[in-house]
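Numbering (this note's numbering), first residue to last: 2 to 171.
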Amino acid sequence: QMMNGTCIIFICNRNPKLEWYCYLLILVCLFTLLTGFLGNILALRHYVYCMKTWTTNTIFLFNLALCDFTWTLVAPFSVYYNIQKFAIYFSQEFYHIIGVLFSINIYGSVYFLTLISFDRYIGAVHPISSLTWWDKEKAVFCTIGVWIFIAIASGPEIYYTVAARRQHSL
């Protein structure tokens with residue numbers, strides 16, 4: 002059993018030409034993990050405990066923070082997997098689950114940012130008329146639609162994870 006520092010040195014010393022890249026990747030990952038984890042936890046906590054009334058924008062921002070939080074949890078494992086390539090410390094199913102969470106983040110971030118942009122566009126360009134047809138219920142409907150789309154778009158990744166697990170059990 003290696004200590005954490007020894008394990009990092011072992012991984013980075015596997016390819017001496019890319020040792021600088023390995024350490025840079027680890028530093029960027031640690032910085033991203035700390036700022037992303039703390040920032041998203043604070044944002045989610047603020048939305049859940051401090052927001053008395055939710056607007057269409059806060060609904061989308063909450064879901065964006067949720068998607069980004071999944072990525073910050075997955076980022077260290079993704080970096081480790083890319084450094085190690087075919088890692089021996091974790092099972093392949095674990096990395097397939099990471100792939101599913103990464104897909105959820107990518108699709109969710111893109112579509113929730115799109116909804117935020119749409120919400121701000123109609124608020125700026127059509128401020129009066131949007132009050133009659135754009136409300137929280139429609140924002141919740143759009144949010145549910147995005148989560149359904151994320152589940153469908155991540156379906157192949159989920160299927161591959163289940164199929165890989167079945168193949169190993171045979």
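Just so you know, even glycine gets a beta-carbon here, dropped at the ideal spot from N, CA and C. Every value quoted in this text rests on a predicted model; they were computed, and no experiment measured them.
Identity of the residue in the options nearest residue i by Cα
i, options, result
"residue 79", "59, 66, 100", "100"
"residue 59", "121, 154, 157", "121"
Check whether residue i and residue j have beta carbons under 8 angstroms apart
i, j, result
"residue 66", "residue 33", "no"
"residue 140", "residue 54", "no"
"residue 115", "residue 64", "no"
"residue 105", "residue 71", "yes"
"residue 151", "residue 96", "no"
"residue 110", "residue 69", "yes"
Same chain only: Cβ atoms within 6 angstroms of residue i, ignoring 5 sequence neighbours per side
i, result
"residue 117", "61"
"residue 38", "73"
Chain-order list of residues whose beta-carbon lies under 8 angstroms from that of residue i (same chain, five-residue window excluded)
i, result
"residue 52", "59"
"residue 149", "none"
Chain C within 8 angstroms of residue i, Cβ atoms only
i, result
"residue 134", "Among the chains of the structure shown, chain C does not appear; only one protein chain is present."
Whole alpha helix (DSSP H) runs in the region 41-77 with 4 or more residues, listed along the chain? none
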